[in-house]
Amino acid sequence: EAISKPGGLFEDTKVSQLPWRGQQRRVRMVVYRRCTGDGLVRGQTPSMYLKNICERLTGGLANAGIKTRRMDRHDIRHWLLHWFNPHPEHLGSKRQDIDRFFEIVNNRTVEPPEEGTLPLASGD
């Protein structure tokens, strides 16, 4: 825990002039399948087939000692908002304005989809 604390383990005064610390890398993986016709594969619907593939994939990664967590629709939205809007200035350019923007758009309340819109397919 000490190696990844925000202030770092110690200050590098010789080379980088920055706190020395470790970090945990977070990797995202997107699994999808293109369907044509009815989309059945070996008698399975596309959603069941995708679920089985994801379970096999996470099981294989777990056997290799890699921890995984499947994202829900809120996690996907949060990830994509930060990915496509790394420096939003809709509410201002200060850090507090950017934080407020993400707080507003990452609202976790469940609202019914608007008429004529498609839901985000997240596996929920």
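Residues in the sequence shown are numbered from 910 upward in steps of one, following the working numbering.
In this text, a Cβ means the ideal position worked out from N, Cα and C, and glycines have one as well.
Looking at LEU949, PHE1010, ASP981, HIS983, the one whose alpha-carbon comes closest to that of PRO995 is PHE1010.
Per the C-alpha coordinates, the member of LEU959, PRO928, ASN1016, ARG951 positioned closest to ARG943 is LEU959. In the DSSP assignment, GLU920 forms a beta bridge with PRO928. Per DSSP, the beta-bridge partners of GLN953 are VAL950.
MET938 is the residue among TRP992, GLU920, MET938 whose C-alpha sits nearest the C-alpha of ILE975.
Contact annotation: ASN1015 and LEU990 have beta-carbon atoms nearer than 8 Å.
When the beta-carbon positions are compared, TRP929 and GLY917 come within less than 8 Å of each other. LEU959 carries a helical assignment under DSSP once its states are collapsed to helix, strand and coil. Assignment of GLY1001 by DSSP, reduced to helix, strand and coil, places it in the coil class. Ranked by Cα distance from TYR941, the first of ASP1008, ASN961, GLY952 is ASN961. Per the coordinates, the alpha-carbon of GLN926 lies some 27 Å from the alpha-carbon of ILE1007.
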